Amino acid sequence: MASATHEELDELKDRVNYVKETDMAVVVSQSQNEIADMKNKGLDIKAHRERMLKEDLDTKFKDPDDPFRIVFVCAMWMTGFDVPSCSTIYLDRPMRNHTLMQTIARANRVFKDKVNGLIVDYVGVFRNIQKALAIYGSGSGG
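What follows is the structure, encoded as structure tokens:
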């Protein structure tokens, strides 16, 4: 980076530090026999479950100053979970109607210095968006 200014180098250092300090976790809804069920699928969730029990992850994630910035969610925090600082959501399973609308709205909450939200759709969820918008807009639920 011989051609970078001191300001540009400082900005790059800040970005690298931001990424290095970023914490992440897996949040999975609890179910009976979950550890054995997940083990049968080749997944070990014991450490994730222990962290969920020991830490208040939802409060940490809602705090924009906390380094806990990335969460992988399975069947939790989908509806009724407001995090205005959340800017990006990746969809990797089918959703529809009210759950779809609530989920994609998560990234579009107003927050200081946030210009927009980003939804990345890996499974084609947005094929159902017109139907969900019609139901959500009519107030009939779903």
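Okay, so the sequence shown: first residue is 6 according to the working numbering, each after it adds one.
We put the beta carbon where it would ideally sit given N, CA and C, even for glycine.
Computed from a predicted model, the values in this text were never measured in an experiment.
Self-check item: Nearest-angstrom Cα separation, counted from Phe77 out to Glu39
Solution: 17 Å
Self-check item: Arg114 - DSSP class collapsed to helix/strand/coil
Solution: coil
Quiz item: By the 10 Å Cβ neighbour count, where 16 or more other Cβ atoms means buried, how is Arg56 classified, buried or exposed?
Solution: exposed
Exercise. To the nearest angstrom, report how far apart Val31 and Gln37 are at their CA atoms.
Key: 18 Å
Quiz item: Based on the DSSP output, what are the partners of Phe77 in its beta bridges?
Solution: Val31
Self-check item: Sequence-distant residues of its chain with Cβ nearer than 7 Å to Met83 (five each side left out)
Solution: Thr104, Gln107 and Thr108
Practice problem: Determine the direct distance from the alpha carbon of Asp42 to that of His180, and round the result to whole angstroms. | Solution: Absent from the model: residue 180. The displayed extent of the chain is 6 to 147, so no value can be given.
Quiz item: Relative to the alpha-carbon of Val130, which residue among Asp19, Arg98 and Ala80 has its alpha-carbon at the smallest distance?
Solution: Arg98
Practice problem: With a cut-off of 8 Å on the beta carbons, I'd call Arg74 and Asp28 a contact; round off their distance for me. | Solution: 7 Å
Quiz item: Would you report the Cα separation of Asn113 and Cys91, rounded to the nearest angstrom?
Solution: 8 Å
Quiz item: How big is the Cα-Cα spacing for Asp63 and Asp70?
Solution: 14 Å
Practice problem: With DSSP collapsed to three states, give me the class of Thr104. | Solution: helix
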